[in-house]
Amino acid sequence: MKKWYQDYGLQARMLLTMFLLAALYLFFLVIISTYGGVGTYGMIFFAGIFLGIQYLFSDKLVLWSMGGRIVTEQEEPRLHETVSRLCAIADLPKPKIAVVNSSIPNAFATGKSKNSALVAVTTSIMQKLDQAELEAVLAHELSHVKNRDMLVITIASFLSTVAFFLVRNMLFFGMGGSRRNSGGGMMVVWIVSLLVWILSFILIRALSRYREFAADRGAAVITGHPAHLASALMKISGVMERIPSRDLREVEGMNAFFIIPAISGDSIMNLFSTHPSVEARIRALEGMERGMEF
Numbered sequence: 001m002k003k004w005y006q007d008y009g010l011q012a013r014m015l016l017t018m019f020l021l022a023a024l025y026l027f028f029l030v031i032i033s034t035y036g037g038v039g040t041y042g043m044i045f046f047a048g049i050f051l052g053i054q055y056l057f058s059d060k061l062v063l064w065s066m067g068g069r070i071v072t073e074q075e076e077p078r079l080h081e082t083v084s085r086l087c088a089i090a091d092l093p094k095p096k097i098a099v100v101n102s103s104i105p106n107a108f109a110t111g112k113s114k115n116s117a118l119v120a121v122t123t124s125i126m127q128k129l130d131q132a133e134l135e136a137v138l139a140h141e142l143s144h145v146k147n148r149d150m151l152v153i154t155i156a157s158f159l160s161t162v163a164f165f166l167v168r169n170m171l172f173f174g175m176g177g178s179r180r181n182s183g184g185g186m187m188v189v190w191i192v193s194l195l196v197w198i199l200s201f202i203l204i205r206a207l208s209r210y211r212e213f214a215a216d217r218g219a220a221v222i223t224g225h226p227a228h229l230a231s232a233l234m235k236i237s238g239v240m241e242r243i244p245s246r247d248l249r250e251v252e253g254m255n256a257f258f259i260i261p262a263i264s265g266d267s268i269m270n271l272f273s274t275h276p277s278v279e280a281r282i283r284a285l286e287g288m289e290r291g292m293e294f
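The structure is reproduced here in structure tokens:
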């Protein structure tokens, strides 16, 4: 097993982002406990159940939504052998492996823990990349598993989801409540919920982008060749530009899971992407390749 090198600058940025989220959420809890009613706490309970289900069944839901299927070693021996070898290097239990029949070259990982992870690739990415590039992409996805990114983003998203539900429900169903909580008090809750939702949305996207950089770095550690992942990213992004916008829009909801987001040209996701730009990722990988500082 290779040593899992630490990027302290990247870790510091992730910790700062999570600290800002924690401070924002603490402020949010103080406001809703001061001005909110019983319904507010019921909303927190409901959001907790919602995110719990999402976390526990994410692998099945993601695979079902993409139309993928788990493949056996007999069906995809080379893919299984590659994942097994990379898992041995990364000191990870072997995840379930799935293939998605899609013209969009991509890959993703999901699952609630290292022992229940799933790694999937599309048929297109297996056709477009050579073996070294595919290994680098798989190593990137395994790095997400090793870094427990699904758990981190789920926890970070919890109170953001609560704020979203409060904004939506108070807007559509009114801001009534008990005498203590009527009028100005509930307006304060609604305004603060809106601000918390917007700011947490931006912070969570930043956290997600940092974790993509960390997964790229992990792939470089596992394979020993940062240039292979850089080459794969260039190929995938080049193919993505030629895919019709309609096809991209059909899978945009899965962008948080993909190695490169499928973003159509007119999508607002360009403004709030879950991923860094391909150019920034390639520059970071090229820096690792030149100095082997990973």
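Heads up: the sequence shown at position 62 corresponds to 62 in this note's numbering, and the numbers run straight through without jumps.
Glycine included, each C-beta is placed from N, C-alpha and C at the ideal position.
The distance from the Cβ of Leu-151 to that of Thr-17 is about 16 Å, inconsistent with a contact at the 8 Å cut-off.
Look at Ala-215 here: in three-state DSSP terms it is helix. When C-beta atoms of the stretch 219-231 are compared with those of the stretch 123-141, three or more pairs fall below 8 Å, so the two segments count as touching. Within the stretch 62-122, the complete beta strand (DSSP E) segments at least 3 residues long are 68-70, 96-100, 107-110 and 118-122, listed from N- to C-terminus.
Taking the C-beta atoms as reference points, Val-30 is found no nearer than 8 Å to Val-83.
In the structure shown, Phe-57 adopts coil according to DSSP, grouped into three states. Inter-residue distance for Arg-85 and Pro-93 is about 11 Å (C-alpha atoms, whole angstroms).
When the five nearest sequence neighbours on each side are left out, the beta carbons in the same chain lying within less than 6 Å of the beta carbon of Thr-123 are those of Asn-101, in order along the chain. A direct Cα-to-Cα measurement between Val-99 and Thr-154 gives close to 25 Å.
Cα atoms of Leu-20 and Ala-215: separation of roughly 22 Å, rounded to the nearest angstrom. It is roughly 11 Å from the alpha-carbon of Trp-64 to the alpha-carbon of Ile-70. Taking the CA atoms as reference points, Val-62 sits about 32 Å from Trp-190. Take the alpha-carbon of Gly-111 and the one of Cys-87: they are about 16 Å apart. Inter-residue distance for Asp-59 and Lys-128 is about 25 Å (C-alpha atoms, whole angstroms). Pairing Val-121 with Val-188, the inter-Cα distance amounts to about 46 Å. Proximity to His-144 across Phe-57, Ala-219 and Glu-279 peaks at Ala-219, based on C-alpha coordinates. Between the C-alpha atoms of Ala-206 and Thr-274 there is a straight-line separation of about 7 Å.
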